[in-house]
Structures are given as structure tokens and as C-alpha cells.
Amino acid sequence: MLEKRIFLCLVSQTYGMNEILKDAENIFDELKQIRRFLHRNAEVGFDLKKTTEFIEEKLKEYGYEPKRVGKSGVVACVGKREKGEKAVLLRADMDGLPIQEKSGVSYACKSGNMHACGHDLHATALIGSAKILKEKEQELKGEVKLLFQPAEEILSGAKAVIADGVLENPQVGCAFSLHVATGIDLPCGTVVVPKSGVGAPAADFFKIQVKGKGCHGSTPQNGVDSALVCSQILIALQTVIAREIPPSETCALTIGRIESGTTANALASDGVLEGTLRAFDEKVREKMKKRLKEIASGVAKSFQAKASVEFLSGCPALLNDKSLTKFIYKRAQELLGKENVFSAEEFGQGNKELGGSEDFAYIAKEVPSVMLAVGAGARKDGYQYPLHHEKVRFDERALPVCSALYSYIALKYFE
């Protein structure tokens, strides 16, 4: 059982501990300070002024010459590339969510935003890796590109940085990223290496706008109730997965926001539903998008209203490269010990277990890539809330592990 695994790799006195992990443990206090600043100042989307400026200053402090990319992203390089050699990209996202934080931690964000998905840990870990790699630059046998990416939560940041040339000058040959996990039975600091192939579903954000006819609440026959239409569309959409998608396919349709009206004694003329579609298979994805439009329009028409569907942003399924996955599984075990690194099969995850989508998928479409999962708060240790929850908390002991993973994989890739 995973709960019975003894987690040794965070204890700095462990005999035979990897040198890179020791380096990461030695800057643990600094990593905590960095992470708490980013957490306290959570920002969203591309509007990352404090976050971006802070990361740039840290990189300059370590001897880098950071550059802006994709509106508010940051990129910096370390090492030296041989002629014809391609760089390794280490990527961390850094945006938060528009959630009012209720975690209870002393450094909680009070602006109405929250790092509820752990991107503050990702960015901090890559900052830590930047420091380690700069100090070991002479040992690097190639060039490493560090990417701090904006707007992952709205699935737009990766596209923006790619369009701005992040995979060029120097040209990137492969990419590596990680994501922390909390609120599950994965001990802090342990790692799950995915299967090759599809590792995360494609996703599409959508908005359905309903046009009815407002009137006084005492004469409903004179209007078209947009609230009623919205509720009927919500119910009807559930039949797509229940009756039109084969049970062998894993997908999800979620309505996260529904709004109509501003007062109790009137029928509202306008209503809106917002949600997401997720699927592993592109044909299933396209079918769900087509049926969403047809059902929304058809249901609205049957109630004498109109409905329009707009797809706001999205990303394809994330593909983990086969040879790179094997390489990282081996290197992660070297770094952390076999008892702290699991394959997806060992952890009980299959390729078709639906999880959060990732716009890192856009980078993975362009170059061989892998994304790992790192434990940052197990349920048995009191971390019961999942990602995107207003009360979610993270175990900061995962920070040195993440920094070490970024660093070790980069150093070993060129050997």
C-alpha cells in the first residue's frame, strides 16, 4: 500500500542521498519564502504583473538574462549548446484562479484570487532549479531553456508562448513539466510517471447565451423565461454522455456557471451557462461540441427562446512521449529511490482515467514531452481538499523534490 511507503528522500541526513536533492534541500527555506510570496500575490490569466516581475528579479539575482514571452511569460537559458544540438525546455505555469481563498494559511491571498492548483509551487520549483543549474552550469553538456508560462488555467498561455517563438532560438528538442497533487493518497514528495500516449484529456471552455423575453412575474404568459430555458438546457446536455457516447470512452461535460435574472418578481430576458467539455478522443470531442450546439439551440427553440454557443478556449489531449517517459522514470528513481517513484500502472492510473486538462499539450504536440505528478499533500496527512477547492492546502516539503527533478533531468539528458 502506498500509505505504508516510507518517505525518506526529504530527510537530508539519508545515507547516499543524491547530490542534486541535497542542493535542493539546502535552499528549502528560500523556496518556502518564494512560494509564499507568489501565493500571497496570486494573479490570473495573462495579468501577472507582480508574479512576472518577481520571477524576473530572482532570475537576474542568480545571473540570468530573462526575457518576456507570450505577453507575460518569462524565459531564460542556462548552459551552452553545441552546434546542431537542441535545448531542453523545463516548463512551469504560474497563474492562479479567480477563487476567494479560505485555506486558513497565514499567507493566504486576499485579492479574490487563489493559487488553488499549485502553480505557485511549480513556479517556485523552477526558480529553485534555475539556481541549482546556474551553480552547476559547467556540468551542463547542453542548453536548458526555463519557461515560466502564463494563462494555463484558461488554456491560452502555451499557445501564446509558442506563437512568440519559445520553441526557437535556441530550438527546443524536448520538454518536461510537472504538476503537484494534493487531497489524494499520494505521499508528499513521491512521483507518478505517466504511461506513454494520452496522459490528459482535451478540453474546451464554452459559453451558452440564452435570449428570452422579460416580463413581470405576475404575467409569465407575456414573456419567455430564460432561467427556465437555461435549466432545461443543463438537464438535456447530460444525455449526450449518458446516451450518445460509448461507455468505453471517458469524457465529461460540466456546467460550472449558470446565471439569469436579478430580481425575484420578474422573468429575465437573458441567461448564460458556462462550462467545459473534456475527452481523450478527438472524434468524441468533436461530436460533443456538435451536439452541445444542437441541443442548446433545439431546447431553446422549443421554449420560444434562442441560444448561441461560443467556444472560448481549449487544448488538445496531452501526449507523453514513449522514450522520454522511460528515460524520466529511470532518472526519477535514481534521484529519489525506487520506493518513491511509481509508474501510472503501479499507482492504479490508466490512460483513460479522466483528470484535469493541460495546455502543456500544445507544447507536447510540437516536441517530445512528459508531464509528471508529484505528491504535495496526502489525505492521511490532513490534506483532504482537492485542487481548485477554496480550502485546498499544499505540503511545502514537495518543493525541493520538484526543484531536484527539474534539475536532475536537465543535467542527465545530455549525458
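Numbers given in my numbering equal positions in the sequence shown, counted from 1, plus 978. Virtual Cβ for every residue (Gly too), placed ideally from N, Cα, C.
Residue from the options with nearest C-alpha to residue i
{"i": "S1089", "options": "G1234, L1245, K1028 and E1222", "result": "K1028"}
{"i": "L1075", "options": "P1128, S1347, G1120 and G1276", "result": "P1128"}
{"i": "I1110", "options": "V1056, D1071 and E1079", "result": "V1056"}
{"i": "K1049", "options": "A1230, K1137, F1281 and K1358", "result": "K1137"}
{"i": "M1266", "options": "R1221, G1106 and A1178", "result": "R1221"}
{"i": "R1059", "options": "P1148, E1252 and E1323", "result": "P1148"}
{"i": "D1025", "options": "A1054, A1002, F1006 and D1073", "result": "D1073"}
Same chain, Cβ closer than 7 angstroms to residue i, neighbours up to 5 away in sequence not counted
{"i": "A1283", "result": "V1188, K1189, G1190, V1202, S1204 and V1207"}
{"i": "E1034", "result": "P1044 and V1052"}
{"i": "A1376", "result": "L1099, V1158, C1166, G1167, V1352, G1353 and A1354"}
{"i": "P1198", "result": "L1245"}
{"i": "E1115", "result": "V1056 and G1057"}
Outcome for residue i when other beta-carbon atoms lying within 10 angstroms are tallied against a minimum of 16
{"i": "F1289", "result": "exposed"}
{"i": "K1330", "result": "Residue placement at K1330 cannot be trusted, given a pLDDT of 49 that sits under 50; the coordinates are not used to answer."}
{"i": "N1019", "result": "buried"}
{"i": "T1217", "result": "exposed"}
{"i": "H1194", "result": "exposed"}
{"i": "N1243", "result": "exposed"}
{"i": "P1225", "result": "exposed"}
{"i": "G1106", "result": "buried"}
{"i": "I1213", "result": "exposed"}
{"i": "K1036", "result": "buried"}
{"i": "G942", "result": "This structure does not reach residue 942, given that the chain is present from 979 up to 1393, and the question cannot be answered."}
8 angstroms Cβ cutoff met for residue i and residue j
{"i": "L1255", "j": "F1184", "result": "yes"}
{"i": "L1313", "j": "A1382", "result": "yes"}
{"i": "L1118", "j": "L1067", "result": "no"}
{"i": "V1150", "j": "A1388", "result": "no"}
{"i": "L1350", "j": "L1270", "result": "no"}
{"i": "T1228", "j": "F1258", "result": "yes"}
{"i": "S1155", "j": "R1069", "result": "yes"}
{"i": "D1359", "j": "E1130", "result": "no"}
{"i": "P1378", "j": "L1016", "result": "no"}
{"i": "A1094", "j": "L1365", "result": "yes"}
{"i": "I1223", "j": "R1357", "result": "no"}
{"i": "A1153", "j": "C1293", "result": "no"}
Same chain only: Cβ atoms within 6 angstroms of residue i, ignoring 5 sequence neighbours per side
{"i": "I1132", "result": "G1023 and S1291"}
{"i": "S1134", "result": "S1291"}
{"i": "A1274", "result": "I1186, I1211, A1285 and V1287"}
{"i": "N1298", "result": "P1172, S1174, G1177 and V1348"}
{"i": "Y1391", "result": "V1066"}
(Q) To test your reading of the DSSP string, which unbroken alpha helix (DSSP H) runs of 4 or more residues are found completely within the segment 1292-1319? (A) Counting only runs of 4 or more, we get 1300-1314.
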